[in-house]
Structures are given as structure tokens and as C-alpha cells.
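Reviewing the structure listed below.
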Amino acid sequence: MRIDKDNIKIVLILLVVALGIGYSYLNTELNINGTANINSANWNVYWNNVQVTNGSVAAETPTIDTNKTTVSFNVTLAKPGDFYEFTVDAVNAGTLDAMIDTINSKLNGTTITTLPAYLEYNVTYSGGTPLEPNQELLHDTTETYKIRIAYKGNISASDLPDTNQSLSLQFSVTYKQADDNAQPVDHRTTVYTVSSTNSYIGQAIPNDITQYSSASEAMAAFSNHPCYIKHIIRNGVIDESYVEFVVTQAMANANSGMTAGTYALRGLNIYDKASLDCISEYFDTTNNICLSPYYESNKETLLQAFGSSNCRSEYDGSDYDGGNYKSFTCRVSGFVGYVDTRSNVQIDDNVGGCYVRGYGESYCEG
169 MRIDKDNIKI VLILLVVALG IGYSYLNTEL NINGTANINS ANWNVYWNNV
219 QVTNGSVAAE TPTIDTNKTT VSFNVTLAKP GDFYEFTVDA VNAGTLDAMI
269 DTINSKLNGT TITTLPAYLE YNVTYSGGTP LEPNQELLHD TTETYKIRIA
319 YKGNISASDL PDTNQSLSLQ FSVTYKQADD NAQPVDHRTT VYTVSSTNSY
369 IGQAIPNDIT QYSSASEAMA AFSNHPCYIK HIIRNGVIDE SYVEFVVTQA
419 MANANSGMTA GTYALRGLNI YDKASLDCIS EYFDTTNNIC LSPYYESNKE
469 TLLQAFGSSN CRSEYDGSDY DGGNYKSFTC RVSGFVGYVD TRSNVQIDDN
519 VGGCYVRGYG ESYCEG
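To convert, take the position in the sequence shown, counting from 1, and add 168; that gives this note's numbering.
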């Protein structure tokens, strides 16, 4: 199979805002003598300001129709790793607050439940926050959407298409007048880093750390080590930190029990760095260990990636590094994953690695 000739051609994506007046007839009766002025209500929600993300494959810039309710584009993804991404603003220039009513994505005319293994397709807010019904778009405000289509790079040969694919993608979001169910958008920004400079949960990412908008960019900047740090940013500070890592198909083929895929280990700020003592809120007095709320899920993630034959518990119930805790390590030749009940998580490939320490410190080295 020749990868270089297997193209995905995105014929058309329609981003449709279904606009309706959505408000009731205004009828005001004033029983106090005087004069009342009622301004007319105005419904005006539309698309504006398309911006193509750097690194996208060459294509014509998406166009907005004259009604400003439809964005269309046509792009060809020629090889694994190619992507096309752009942002577009949903603008509420009216006098009425709006909120999302319905959301629908279709592939070749059918509502999407699963995507082909070779295809990545996402529509989110620009920071990565998912779109959900009842999220508000207040009058005189703008929300930025991000649309990303990619030909996945980390897939096995059996998942590649045998022939060129012509795909029609359609996304539609319907806004209606806001009511008591309207909720503000809980904006979260996802950024990736591979810096050796420390970042901490609860603080802003230091200015001297390069932030990447995609995992592939971070890995490329990290000499293609199979790991990187993923941060979830809320209100300008780090709210969650993960070590994400990639098990390639070649690695899975070479190590019995491993499963190809992208995995994430979550760290949490629950450990006192200065004293190396477990915060009392998380200390299990019965078993005399420091418990992380993510230990079990992190352990399951390692088991899924490495396979049980490559994993074992270590220092179980012992006094090590200043405190009693459980840890779990998985390793194959040249690749190690580690988690413990103090929320330490790490991935190493014997040359470099990425870490989130239990006190909320994250960094990569190598």
C-alpha cells in the first residue's frame, strides 16, 4: 500500500447557523401616567472572521456566504499527518441574548456516531471547550469556534484507506433566544508543552515556555520523544496537567501486550513538596498510604497501554522517599511508565521523559 497516494478529499463542510427570531411579541401596558420608550428587539447572529491556522495544508481560505450563516471550504489531505484547521467567530450583534439549541455533525449526509480510523474531525470553541446545548451567546459578544480535520499520522497500515476518499462533512448549530436554561460557556484552553522549565497547577504557564496548539507540534519540538505535557487552562491558570504519551504500532508489534494509541496520565496538586508529607485530606489512616484520586485510573491507563505482563506494583506499603504509598510501574525495552498514590506520573524512553509531580509541578527533560 502506498501511503503517499491515499488522499482524503474534503469536498465541503457547511457550518450552518439556523437563525430564528425566537422571541415573543412585545406587548407593554403602562398604568402609571408618563411616557415609556421600548427599544425594538433585534436578532442578529452570524459567522465572521475566518482565520486559517498556521501549519494547515494549502487550500483556499474558507468562504462565508452573503447571509453570513454558512462557511464552506474544500481541501485535500494528501498523507498521514496532514491537517486543516481554522477558526470562525459566532457573533451576536443583536439586542437579544442567544443560546445553543441543537448541534449536529454529519459525514456524507449521515449523523456522525463514529469516524473512520484514519480521520480526525472536531468542532469546538477555540480553546478546545466542547460545544453543548444551552451555552449562551450574549448580545454584543463573540464566541470563536475551531474546526479541525486531520489525516491521522499514528495509525496502522490496516487502518489506511485503500483508495482516495471523497468526504462531505457538515456541522450545524442552531441558536435560539436565551431562557432560564442558559449557561455561560466554561471556557477551557488546552495547550501542550515540552519545556524543562517547571509549571505548576494553580499558576499561569511561565512566559518563557513555548505553548503548542497540538500534540504533534509538541512531540516534533521534543525530538519526537513519545510524550509531552497537556495542560487544561481555566481563567489564565493551569487547572489540570497530564503526561500524554504515544504507543506506536511498531512499538506494539515489538512488545507483546502493548496496544497502540495515545494515552494520558493525570497529575494533581495534592502533595506538599517541602515536607514530602501526604496532605491529610488524602491520607488513608487504615492502610497508612497517601491516596491519589487518579491513581486507579492512571494505573488502568498504563495497563491498557503496556499490558499486564509488562507491569507490576512496587514499594507497595513500604516506607520510601519519606512517605508510605503505592506505586505502579510498566516497562518494556527503552520505555517506562510510572504512577503512584501521591499523584506522581511520568513517562521515560531512556533518553528523555515528561513528568507531573504530586505537588503539581510538570516538566520534560531529555
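Virtual Cβ for every residue (Gly too), placed ideally from N, Cα, C.
Item	Value
Indicate the three-state DSSP secondary structure (helix, strand or coil) for Lys-236 in the structure shown.	coil
Pick helix, strand or coil for Leu-433, following the three-state DSSP scheme.	strand
So if DSSP puts Met-267 in a beta bridge, which residue, or which two residues, is it bridged to?	Glu-304, Lys-344
On a CA-only basis, which of Gly-249, Asn-512, Asp-233, Asn-366 is nearest Ser-530? Give me that one, please.	Asn-366
Based on the DSSP output, what are the partners of Val-508 in its beta bridges?	For the sequence presented, residue 508 should be read as Asp rather than Val. Per DSSP, Ser-495.
Can you tell me which of Phe-413, Ser-409, Phe-496 puts its alpha carbon nearest to the alpha carbon of Ala-383?	Phe-413
Under the three-state reduction of DSSP, which class applies to Asp-330: helix, strand or coil?	coil
Could you give the DSSP three-state label for Glu-412: helix, strand or coil?	strand
For the stretch 365-426, which segments carrying the alpha helix (DSSP H) assignment without a break, of at least 4 residues, lie completely within its bounds, in sequence order?	383-389, 417-422
Work out the CA separation of Asn-242 and Ser-334 for me, nearest whole Å.	11 Å
Using 8 Å as the cut-off, can you tell me whether the stretch 247-258 makes contact with the stretch 219-237, which would need three or more C-beta pairs spanning the two stretches below that distance?	yes
Quick check on Ser-495: buried or exposed, where buried means 16 or more other Cβ atoms within 10 Å of its Cβ?	buried
My assumption, with CB atoms under 8 Å, is that Phe-474 sits in contact with Val-513. Please give the rounded CB distance.	About 14 Å separates the two Cβ atoms, so there is no contact after all.
Count Cβ pairs between the stretch 393-411 and the stretch 364-378 that sit closer than 8 Å; are there 3 or more?	yes
Note the first and the last residue of the continuous alpha helix (DSSP H) segment covering Gln-472.	463-474
Inspect the beta-carbon positions of Gly-425 and Ser-477 and report whether they are closer than 8 Å.	yes
Can you determine whether any heavy atom of the ligand NAD sits closer than 7 Å to the C-beta of Glu-304, and answer yes or no?	The ligand NAD is not part of this structure, which contains no ligands at all.
For the beta strand (DSSP E) holding Tyr-527, just list the boundary residues, first then last.	Tyr-527 -> no beta strand (DSSP E), and no H or E assigned at all.
By the DSSP assignment, the beta strand (DSSP E) with Leu-287 in it spans what residues?	287-293
Are Ala-258 and Thr-342 closer than 8 Å when you measure CB to CB?	no
CA-CA distance, Thr-416 and Ile-323?	8 Å
Could you name the residues that DSSP lists as bridge partners for Trp-215?	Ala-258
Compute the distance between the beta-carbons of Lys-398 and Thr-358, then report whether it is under 8 Å.	yes
From which residue to which residue does the beta strand (DSSP E) around Val-148 run?	Nothing can be reported for residue 148, as the shown portion of the chain is limited to 169 through 534.
When the Cα of Glu-482 is compared with those of Thr-469, Asp-347, Val-507, which residue comes out closest?	Val-507
At the level of alpha carbons, what is the spacing between Ala-285 and Gly-435?	29 Å
Look at Asp-269 and Ala-346 and say whether their C-beta atoms are less than 8 Å apart.	no
Please return the same chain residues whose Cβ sits closer than 6 Å to the Cβ of Ala-261, not counting the five positions on each side in sequence.	Asn-212
Buried or exposed: which applies to Thr-361, given that a residue is buried once 16 or more other Cβ atoms fall within 10 Å of its Cβ?	buried
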